[in-house]
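Trainee: Residue numbering for the sequence shown follows the numbering used here, beginning at 5 and increasing consecutively.
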Amino acid sequence: MDELRGDTVPDDHVEEELLGLHFLGELDPDRSDVIHQHLQTCATCRALADGVVETLAALALLSDDFPAGATIPAAEAAPAAGSTPAPEVAPPAEVAPPAEVAPPAEVASGPVPAADTAGRAHAAARPAAPRRPADTGPADTGPAGTRPADTRPAGTGPGGRRPASRRVRLVRAAGLLTLVLVVAGLGITALVRGPGGAGGQAIVTAAATATDRTSGAGASVLLTEGDDGVSVRATVSGLRAGVAYVLYAVTADGQTHPVSHWTSTTAVRDVSGELPGVRLKSLSFFTVSPESGGVAVSVYLPGAPGAPAPGPS
Numbered sequence: 005m006d007e008l009r010g011d012t013v014p015d016d017h018v019e020e021e022l023l024g025l026h027f028l029g030e031l032d033p034d035r036s037d038v039i040h041q042h043l044q045t046c047a048t049c050r051a052l053a054d055g056v057v058e059t060l061a062a063l064a065l066l067s068d069d070f071p072a073g074a075t076i077p078a079a080e081a082a083p084a085a086g087s088t089p090a091p092e093v094a095p096p097a098e099v100a101p102p103a104e105v106a107p108p109a110e111v112a113s114g115p116v117p118a119a120d121t122a123g124r125a126h127a128a129a130r131p132a133a134p135r136r137p138a139d140t141g142p143a144d145t146g147p148a149g150t151r152p153a154d155t156r157p158a159g160t161g162p163g164g165r166r167p168a169s170r171r172v173r174l175v176r177a178a179g180l181l182t183l184v185l186v187v188a189g190l191g192i193t194a195l196v197r198g199p200g201g202a203g204g205q206a207i208v209t210a211a212a213t214a215t216d217r218t219s220g221a222g223a224s225v226l227l228t229e230g231d232d233g234v235s236v237r238a239t240v241s242g243l244r245a246g247v248a249y250v251l252y253a254v255t256a257d258g259q260t261h262p263v264s265h266w267t268s269t270t271a272v273r274d275v276s277g278e279l280p281g282v283r284l285k286s287l288s289f290f291t292v293s294p295e296s297g298g299v300a301v302s303v304y305l306p307g308a309p310g311a312p313a314p315g316p317s
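1. Taking all protein chains shown into account, do 16 or more other C-beta atoms lie within 10 angstroms of the C-beta of S296, making it buried, or fewer, making it exposed?
2. Cβ atoms of V263 and L279: under 8 Å apart, would you say?
3. Could you work out which residue in L22, E21 and L226 is closest to L284 when comparing CA atoms only?
4. In chain order, what residues of the same chain have a beta carbon less than 6 Å from the beta carbon of S302, not counting five sequence neighbours either side?
5. So what does DSSP say about T45, is it helix, strand or coil?
6. I believe Y249 touches P294 by the beta-carbon criterion, under 8 Å. Please report the beta-carbon distance rounded to the nearest angstrom.
7. Go through its chain and collect everything with a Cβ distance to V240's Cβ below 6 Å, but skip five positions before and after it.
8. Can you give the Cα-Cα distance for T218 and R244, rounded to whole angstroms?
9. Determine whether the beta carbon atoms of G230 and L251 lie at a separation below 8 Å.
10. What are the start and end residues of each continuous beta strand (DSSP E) run of 3 or more residues lying completely inside the stretch 207–251, in chain order?
11. Measuring alpha carbon to alpha carbon, tell me which residue in D16, L23, T48 and D34 is nearest A271.
12. Specify the secondary structure class of H17 as computed by DSSP and reduced to three states.
13. DSSP three-state call for L326: helix, strand or coil?
14. Locate the beta strand (DSSP E) running through L287, then write down its first and last residues.
15. Please state whether DSSP places P306 in a helix, a strand or coil.
16. Could you give the distance in angstroms between the alpha-carbon of A300 and the alpha-carbon of A253?
17. Would you decide whether A51 is buried or exposed? Buried here means 16 or more other CB atoms lie within 10 Å of its CB.
18. What are the start and end residues of the beta strand (DSSP E) that includes V299?
19. Under 7 Å: does the beta carbon of L305 sit that close to some heavy atom of the ligand NAP?
20. Grouping DSSP H, G and I as helix and E and B as strand, with all else coil, what is A253?
21. Tell me whether the beta-carbon of G233 lies closer than 8 Å to the beta-carbon of V275.
22. Please classify T269: is it buried, with 16 or more other beta-carbons within 10 angstroms of its beta-carbon, or exposed?
23. Does T209 pass the burial test, meaning 16 or more other C-beta atoms within 10 Å, or should it be called exposed?
24. Which same chain residues, not among the five before or five after H17, have their C-beta less than 7 Å away from its C-beta?
25. Return helix, strand or coil for S268, following the three-state DSSP convention.
26. By the three-class DSSP mapping on this structure, what secondary structure does V275 have?
27. DSSP on R38, reduced to helix/strand/coil?
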């Protein structure tokens, strides 16, 4: 769907970019609500929306290849700047040796006219030797010496940065940057990302997904930590229609926080809520539970305190 306007549910399909922005909470409420309503009736878009976290896991693997404070555009621009000066260094280095060869030719031409001046040629050659390094030394260290000094780090930069630029191309080729976050899947995966905001504030995001083999219920959660707490967006499926459910967040010390209440249908559903005053690192897992009691599915954050050890594959 090229555009979403008003409260109209579109007849065609939702683009992957819009789905990613929808799950990130980057769309305005009206557009997000239109997408939410569309997902209730469109099986194709629901299938596309079933995989948010697998892409997050791929992004997590890519983010491990970059330094904590590095940004992808900077890493991409650096090779271009470093690769062009590299060929420019070679000409100055090659021009310098001919300058040194020229003086010997002049010294040889001086003593040739007279045979008795062989001793004078030797005497002239002796002062000429110190003159050559004195004249050529500053000339070589000035233009030729300073440029290699500047370009050598850049030369090593492309060597070290080429893998990074390839990763950027892979990211672009895969559409991960363009799509931002798209679709969720099965299994348990997670993403934790570091420094983000232009103001220097760290933006930390985590995600996980799981499916209960007994109940058949599935859930994925996307968490974003801010100054006031943690924002939670979840996608649930496989729940019993007409049953009231609650999404709970459980911290490592056992405290339980209700995030959202809703009455389930047979369709995939998006729910969201806030956890004021809660830090992302203190969260252990989430549960989708009927209000009457029990647990439909639990989603643990990998690496979080209390997370179960992965079972045998």
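Using N, Cα and C, we set each Cβ at its ideal position, and we do this for glycine too.
Mentor: Looking at the atomic coordinates:
1. Flag for S296 reads exposed.
2. Using a Cβ distance threshold of 8 Å, L279 and V263 count as a contacting pair.
3. Considering only alpha carbons, the answer is L226.
4. For S302, the CB contacts under 6 Å within the same chain, skipping 5 residues up- and downstream, are F289 and T291 in chain order.
5. Three-state DSSP puts T45 in a helix.
6. Contact flag correct, Cβ pair sits at about 6 Å.
7. Leaving aside the five residues that flank V240 on each side, the residues in its chain whose CB is nearer than 6 Å to its CB run, in chain order, A223, R273 and V292.
8. Near 13 Å, if we compare the C-alpha coordinates of R244 and T218.
9. Not a contact, by the Cβ cut-off of 8 Å.
10. Listed in chain order, they are 208–215, 222–229 and 233–241.
11. Ranking the options by Cα distance to A271, first place goes to T48.
12. DSSP places H17 in coil when its eight states are reduced to three.
13. Because the chain spans 5 through 317 in this model, residue 326 falls outside it and cannot be assessed.
14. Its beta strand (DSSP E) spans residues L287 to P294.
15. The three-state reading of DSSP puts P306 in coil, since its state is none of H, G, I, E or B.
16. Cα to Cα, the separation comes out at about 14 Å.
17. Counting the other Cβ atoms within 10 Å of the Cβ of A51 gives fewer than 16, which makes it exposed.
18. Per DSSP, V299 belongs to no beta strand (DSSP E) and is neither H nor E.
19. This structure does not include the ligand NAP; it has no bound ligands of any sort.
20. It is a strand residue.
21. In this structure, G233 keeps its C-beta atom at 8 Å or more from the C-beta atom of V275.
22. With fewer than 16 Cβ atoms within 10 Å of its Cβ, T269 is classed as exposed.
23. Label assigned to T209: buried.
24. A distance below 7 Å between beta-carbons, with the five flanking residues on each side excluded, links H17 to the following residues of its chain, in chain order: M5, C46, T48 and C49.
25. Collapsing the DSSP output to three states places S268 in coil.
26. Annotated three-state conformation of V275 is strand, per DSSP.
27. According to the sequence as given, residue 38 is Val; it is not Arg. Under the three-state reduction of DSSP, V38 is assigned to helix.
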